[in-house]
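Chemist: One structure, pasted below without further comment.
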Amino acid sequence: MRSAAVTPEGDQIRWVELPGQEPPRVYVHGLGATSPAYFAAVAVDPRLSGRRSLLLDLLGHGISDRPTHFDYTLESHADALANALTAAGVSAAELIAHSMGGSVAIVLAARHPHLVSRLVLIDANLDPIPRIPGSSGSSGIAAHSEEEFLNGGWEEVRDRVGPHWWSTMRLAGREALHRSAFHLTRGTTPTMRELLLDLRIPRTFLLPAADGPLPGADALTEAGVSVVPIPDCGHNIMLDNPETFVRATAAALTSRD
1386 MRSAAVTPEG
1396 DQIRWVELPG
1406 QEPPRVYVHG
1416 LGATSPAYFA
1426 AVAVDPRLSG
1436 RRSLLLDLLG
1446 HGISDRPTHF
1456 DYTLESHADA
1466 LANALTAAGV
1476 SAAELIAHSM
1486 GGSVAIVLAA
1496 RHPHLVSRLV
1506 LIDANLDPIP
1516 RIPGSSGSSG
1526 IAAHSEEEFL
1536 NGGWEEVRDR
1546 VGPHWWSTMR
1556 LAGREALHRS
1566 AFHLTRGTTP
1576 TMRELLLDLR
1586 IPRTFLLPAA
1596 DGPLPGADAL
1606 TEAGVSVVPI
1616 PDCGHNIMLD
1626 NPETFVRATA
1636 AALTSRD
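Next comes the structure, spelled out in structure tokens:
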């Protein structure tokens, strides 16, 4: 385990690091998750191993600190991630990032371009999301006010998401979880989609084939984003179909786009 202070108050982001060659690869988890649990198996697959790899937990999540003073906007997550990568001596990294982590990775690439050379986005959030009480994921969490969530709303979320997701979601600070969900549903200005369209690095977007065509896929493809449907999986592509995920990710990381 490695760590770096990423805020003026000294809050630490932590990661599990696998040794290997440069340039490095950085794995970033989604809302209420943790990178070692979601990415360890695929990161050590022979088709992806051999690079220095950082399986990193965003501030407020997993093994990282959970400060209550932090606002947990996508921009703040990206800046804290940038501080961690800088402290780790990382530049021109290849980012493999899931869901909310993909949103953070896009913002990171836009705000700190020297840190990112390539993006592989795994069913990442590109647009603002309606907040709907009782719905799954960030939408249902953000439908609570922070006070409601802290005063018992989190229990309703726990019961709804089930034991698998809760096993990592329970590691997140409750303020961190709510604020991250709220700001993910709000998105950024420009939106994550608009930022992604403007990036000038190789970009791949993996999505579950069962979800149907990705909205706006034609514009993404025209801008140079490779959109790759993955069969036999849900939102957690790397867990549901690791074989096809590894094959598609390895191809994305070796392309000459």
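Every letter in the sequence shown is one number past the one before it in this note's numbering, and letter 251, counting from 1, is 1636. Every residue gets a Cβ at the ideal spot worked out from N, C-alpha and C, and that includes glycine.
1) Within 10 angstroms of the Cβ of E1479, are there 16 or more other Cβ atoms? Answer buried if so, exposed if not.
2) CA-CA distance, A1557 and S1502?
3) Can you tell me which residues form a DSSP beta bridge with S1438?
4) Am I right that V1489 and L1466 are in contact with their C-beta atoms under 8 Å? What's the rounded C-beta distance?
5) What does the Cβ neighbour count give for E1628, buried or exposed, with the cut at 16 atoms within 10 Å?
6) Of the choices E1407, D1456, H1497 and P1513, whose alpha-carbon is the least far from that of R1437?
7) Using beta-carbon positions only, say whether H1568 and Y1457 come within less than 9 Å of one another.
8) Check each candidate in L1511, A1509, N1510 and A1528 and name the one with the smallest Cα separation from P1518.
9) Measuring CB to CB, does L1443 end up less than 9 Å from H1414?
10) Nearest to N1468 by CA position, among A1390, D1617, D1625 and P1593, is which residue?
11) Report the rounded CA-to-CA distance for I1615 versus V1427, giving the unit in angstroms.
Modeler: For this structure:
1) Taking the sequence shown and counting its residues from 1, one reaches residue 1479 at position 94. Its Cβ being crowded by 16 or more others within 10 Å, E1479 is buried.
2) In the sequence shown, residue 1557 corresponds to position 172, counting from 1. In the sequence shown, residue 1502 corresponds to position 117, counting from 1. Approximately 29 Å, taken between the alpha carbons.
3) By one-based count along the sequence shown, residue 1438 stands at place 53. BP columns for S1438 point to L1403 and R1410.
4) As a first step, residue 1489 is located in the sequence shown; it is residue number 104 there, counting from the start. As a first step, residue 1466 is located in the sequence shown; it is residue number 81 there, counting from the start. Contact flag correct, Cβ pair sits at about 6 Å.
5) Residue mapping note: residue 1628 aligns to position 243 of the sequence shown, counting from 1. If you draw a 10 Å sphere on the C-beta of E1628, you find fewer than 16 other C-beta atoms in it, and that means exposed.
6) The count along the sequence shown starts at 1 and reaches residue 1437 at position 52. Here the closest residue by C-alpha is E1407.
7) Against the sequence shown, residue 1568 aligns to sequence position 183. Against the sequence shown, residue 1457 aligns to sequence position 72. A contact, by the Cβ cut-off of 9 Å.
8) Taking the first residue of the sequence shown as 1, we reach residue 1518 at position 133. Taking only the C-alpha atoms, the option nearest P1518 is A1528.
9) Translated into positions along the sequence shown, residue 1443 becomes position 58. Translated into positions along the sequence shown, residue 1414 becomes position 29. Their beta carbons are under 9 Å apart, which means L1443 touches H1414 by this criterion.
10) Along the sequence shown, read from residue 1 onward, the residue named residue 1468 stands at position 83. Nearest C-alpha to N1468: A1390.
11) Working through the sequence shown from its first residue, we reach residue 1615 at position 230. Working through the sequence shown from its first residue, we reach residue 1427 at position 42. Computed Cα separation, rounded: 15 Å.
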